[in-house]
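Colleague: Have a look at this one before I ask anything.
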Amino acid sequence: MNARSFLGDILEQPLALKKALNDYPKEQLSKLKEKIQSGDISRVIMAGHGSSYNALYPGFLQLCKLSIPVALWQTAELMHYGMRQIEEKTLLLLSSQSGRSIEVETLVNGMEKNHPGFQVALTNYADSPLGKSADISIQLHAGREHGVAVKTYINPLALSVLLGVQMNDGDLAQAMNAFHQFSDAVEEYLRDHEKRIAAISDLIGDCEHVVVVGRGISNGAASNGAINQKEAAWNFSEGMNAAEFRHGPLELADEKLTIFILEGDDEGRKYNERLASEILSYGSKVIWVGNHGSSQFPSINVPEAEMIAEPAAEGVAMQLVAFALALKKGIEPGKFRRIGKVVRVQ
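Mapping the sequence shown onto our numbering, position 285 (from 1) lands on 285, and the numbers just tick up by one.
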């Protein structure tokens with residue numbers, strides 16, 4: 001079995017992230033901060049699809065600290081239903097690893113009447129339609145990926161968080177250092193990856209019905225953890241907000257359910273622990289993802305990280321879960337059956 005493509009991308013993440021951090025366009029983006037502070041920008045719209053969308057969530061929360069409206073859209077929804085939201089005082093931030101998926105290409109080609117005041121691209125390819133249309137193109141420096149978004153999930157997550165910190169006049173140097181330290185921690189975390197994957201495989205056992213939940217900064221990581229399982233292991237898995245799980249999906253809790261609960265920040269952890277204990281009482285398999293779990297249920301440790309990088313740490317751990325699930329099913333991890341790397345059909 002050739003398991004190196006997906007795994008190779010996972011192992012390349014520390015170096016790819018360092019490249020992206022070292023090329024973060026701080027000086028260029030200082031001009032954007034001036035536009036926000038002067039009132040020339042009075043609204044922020046962020047958009048992406050799949051992992052590109054999920055990666056934006058922590059940065060979205062950072063930008064929500066601004067005193068102006070901030071919205072996070074799926075690119076196709078924005079294109080079809082939200083174009084009038086884009087106007088001359090809008091900061092439009094679009095995330096797409098290829099920069100030429102059908103939705104993002106259609107969107108940027110159709111903005112003659114709805115041109116934003118400033119456009120930022122998060123992409124792997126500066127010469128793509130997205131990269132060329134942007135005022136500033138922030139390069140992901142993820143290199144080639146074989147399929148599942150791995151480096152192109154972690155890198156835009158980090159870069160969009162840094163952008164949010166900078167736009168809020170936060171301590172950019174401290175945030176940058178936190179992600180550099182995280183990169184080192186991932187390298188150490190993956191050093192003995194074969195044993196770690198084997199341990200995860202033993203811990204998770206058989207997973208018939210899977211839900212991944214998180215809240216706050218971990219909300220996007222929960223959705224992406226489920227996407228990783230769908231893409232890499234062809235495993236039916238649903239990702240959602242942990243609070244949303246109580247509003248109906250809690251009825252799924254029985255002996256067939258496996259639920260991964262992402263630890264998240266200090267504020268959300270106490271609610272997540274309460275949810276975990278309740279679901280455990282219904283006979284479900286509860287797996288805690290984080291470094292401060294309870295002895296009540298098994299835990300998957302994540303790379304050590306400051307809170308600002310915690311969603312990325314959870315993302316790396318969930319990649320290994322998806323890899324382990326694929327091996328259990330006897331399939332090549334990360335091998336696509338139905339899709340390609342770039343989506344060209346709406």
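The C-beta atom is built at its ideal place from N, Cα and C for all residues, glycine as well.
Given a cut-off of 7 Å on the beta-carbon distance, is the pair residue 142 and residue 121 in contact?
Modeller: Your numbering for residue 142 matches position 142 in the sequence shown. Your numbering for residue 121 matches position 121 in the sequence shown. Not in contact: residue 142 and residue 121 (Cβ atoms no closer than 7 Å).
Colleague: Take the Cβ of residue 9 as the centre, count every other Cβ of all protein chains shown within 10 Å, and call the residue buried at 16 or more, exposed below.
Modeller: On the sequence shown, residue 9 is found 9 positions in, with the first residue counted as 1. Buried: at least 16 other Cβ atoms inside 10 Å.
Colleague: What do you get for residue 325, buried or exposed, if any count of 16 or more other CB atoms within 10 angstroms of its CB means buried?
Modeller: Position 325 of the sequence shown holds residue 325. When all chains shown are included, residue 325 counts as buried.
Colleague: Alpha carbon to alpha carbon, what distance is there between residue 61 and residue 241?
Modeller: By 1-based counting over the sequence shown, the position of residue 241 is 241. By 1-based counting over the sequence shown, the position of residue 61 is 61. Approximately 14 Å between the Cα atoms of the pair.
Colleague: Looking at the structure shown, is residue 13 part of a helix, part of a strand, or coil, going by DSSP?
Modeller: Taking the sequence shown and counting its residues from 1, one reaches residue 13 at position 13. Of the three classes helix, strand and coil, the one that applies to residue 13 here is helix, per DSSP.
Colleague: Which residues does DSSP list as the beta-bridge partners of residue 238?
Modeller: Within the sequence shown, residue 238 is the residue found at index 238, counting from 1. Paired residues: 211.
Colleague: Check each candidate in 189, 223, 20, 231 and name the one with the smallest Cα separation from residue 301.
Modeller: Indexing the sequence shown from 1 puts residue 301 at position 301. It is 189.
Colleague: From this set, 149, 82, 211, 91, which residue's C-alpha is nearest residue 66's C-alpha?
Modeller: The residue you call residue 66 lines up with position 66 of the sequence shown. For residue 66, the nearest C-alpha among the options comes from 91.
Colleague: Less than 7 Å between the C-beta atoms of residue 332 and residue 290, yes or no?
Modeller: As a first step, residue 332 is located in the sequence shown; it is residue number 332 there, counting from the start. As a first step, residue 290 is located in the sequence shown; it is residue number 290 there, counting from the start. No, the Cβ-Cβ distance between residue 332 and residue 290 is not below 7 Å.
Colleague: For residue 52, which residues of its own chain have a beta-carbon under 6 Å away from its beta-carbon, when the five flanking residues on both sides are left out?
Modeller: Along the sequence shown, read from residue 1 onward, the residue named residue 52 stands at position 52. Once the five neighbours on either side are set aside, the close Cβ partners of residue 52 are 95, 96.
Colleague: Is the stretch 232 to 252 touching the stretch 200 to 215, taking contact as three or more C-beta pairs under 8 Å?
Modeller: Contact holds: three or more Cβ-Cβ distances are below 8 Å.
Colleague: Flag this pair as yes or no: are the beta carbons of residue 56 and residue 155 separated by less than 7 Å?
Modeller: On the sequence shown, residue 56 is found 56 positions in, with the first residue counted as 1. On the sequence shown, residue 155 is found 155 positions in, with the first residue counted as 1. It is not a contact, given that the beta carbons lie outside the stated cut-off.
Colleague: Is it buried or exposed, residue 63, if we count other Cβ atoms within 10 angstroms and call 16 or more buried?
Modeller: As a working mapping, residue 63 is identified with position 63 in the sequence shown. Flag for residue 63 reads buried.
Colleague: Could you check if residue 250 is buried or exposed, using at least 16 other CB atoms within 10 Å of its CB as the buried criterion?
Modeller: Residue numbering aside, residue 250 sits at position 250 when the sequence shown is read from its first letter. Exposed is the call here.
Colleague: Thinking C-alpha only, which one of 48, 246, 192 is nearest residue 215?
Modeller: Locating residue 215 in the sequence shown gives position 215, counting from the first residue. Comparing Cα positions, the closest option is 246.
Colleague: Helix, strand or coil for residue 386, going by three-state DSSP, please let me know.
Modeller: In the structure as shown, the chain begins at 1 and stops at 346. Residue 386 is therefore absent and cannot be evaluated.
Colleague: What is the rounded straight-line gap between the Cα of residue 7 and the Cα of residue 323?
Modeller: As a working mapping, residue 7 is identified with position 7 in the sequence shown. As a working mapping, residue 323 is identified with position 323 in the sequence shown. Computed Cα separation, rounded: 8 Å.
Colleague: Touching or not, the stretch 282 to 296 and the stretch 255 to 273, by the rule of three or more beta carbon pairs under 8 Å?
Modeller: yes
Colleague: Sorted by chain position, which residues of the same chain lie with C-beta nearer than 7 Å to residue 128's C-beta, five sequence neighbours on each side aside?
Modeller: Locating residue 128 in the sequence shown gives position 128, counting from the first residue. Excluding residues within five positions, the ones whose Cβ falls inside 7 Å are 98, 99, 100.
Colleague: Who does residue 48 pair with in a DSSP beta bridge?
Modeller: In the sequence shown, the residue the question calls residue 48 occupies position 48. Answer is 74.
Colleague: Just to confirm before moving on: does the CB-CB distance between residue 161 and residue 58 stay below 7 Å?
Modeller: For the purposes of this step, residue 161 is taken as residue 161 along the sequence shown, with counting starting at 1. For the purposes of this step, residue 58 is taken as residue 58 along the sequence shown, with counting starting at 1. Cβ distance < 7 Å, so residue 161 and residue 58 count as in contact.
Colleague: Are residue 218 and residue 314 close, meaning C-beta to C-beta below 7 Å?
Modeller: Along the sequence shown, read from residue 1 onward, the residue named residue 218 stands at position 218. Along the sequence shown, read from residue 1 onward, the residue named residue 314 stands at position 314. In contact: residue 218 and residue 314 (Cβ atoms closer than 7 Å).
Colleague: In the DSSP assignment, what are the bridge partners of residue 286?
Modeller: Here the question's residue 286 lines up with position 286 in the sequence shown. BP columns for residue 286 point to 259.
Colleague: What three-state label does DSSP hand residue 139 in the structure shown?
Modeller: Within the sequence shown, the letter at position 139 stands for residue 139. DSSP places residue 139 in strand when its eight states are reduced to three.
Colleague: Under 6 Å Cβ to Cβ from residue 3, same chain only, skipping five residues before and after it: list those, please.
Modeller: Numbered from 1 along the sequence shown, position 3 holds the residue referred to as residue 3. At residue 3 the pLDDT is 40, less than 50, meaning the model places this residue with poor confidence; the figure from the coordinates comes in the next sentence. Within the same chain, residue 3 has close Cβ partners 333.
Colleague: Consult DSSP for residue 38 and reduce its assignment to one of helix, strand or coil.
Modeller: Taking the first residue of the sequence shown as 1, we reach residue 38 at position 38. Helix, per DSSP.
Colleague: Does the stretch 16 to 35 come close enough to the stretch 109 to 126 to have 3 or more Cβ pairs within less than 8 Å?
Modeller: These segments touch.
Colleague: Mind checking residue 177: buried by the 16 CB within 10 Å criterion, or exposed?
Modeller: Locating residue 177 in the sequence shown gives position 177, where the first residue counts as 1. Answer is exposed; the Cβ neighbour count stays below 16.
Colleague: Considering only residues of the same chain and omitting the five flanking positions on each side of residue 19, which have a CB-CB separation below 8 Å?
Modeller: Here residue 19 is taken as the residue at index 19 of the sequence shown, counted from 1. These residues qualify, in order along the chain: 141.
Colleague: Once you ignore the five residues that flank residue 221 on each side, which residues in its own chain have a CB closer than 6 Å to its CB?
Modeller: To locate residue 221, count along the sequence shown from 1; it is residue 221. So the qualifying residues of the chain are 214, 262, 311, 314, 315.
Colleague: Nearer than 6 Å: is that true of the beta carbon of residue 79 relative to any heavy atom of the ligand SAM?
Modeller: Ligands displayed in this structure: none; no statement on the ligand SAM is therefore possible.
Colleague: Looking only at its own chain, which residues have a Cβ that is under 6 Å from the Cβ of residue 47, when we skip the five neighbours before and after it?
Modeller: As a working mapping, residue 47 is identified with position 47 in the sequence shown. For residue 47, where only same-chain residues beyond five positions count, the Cβ hits under 6 Å are 73, 75, 78, 94.
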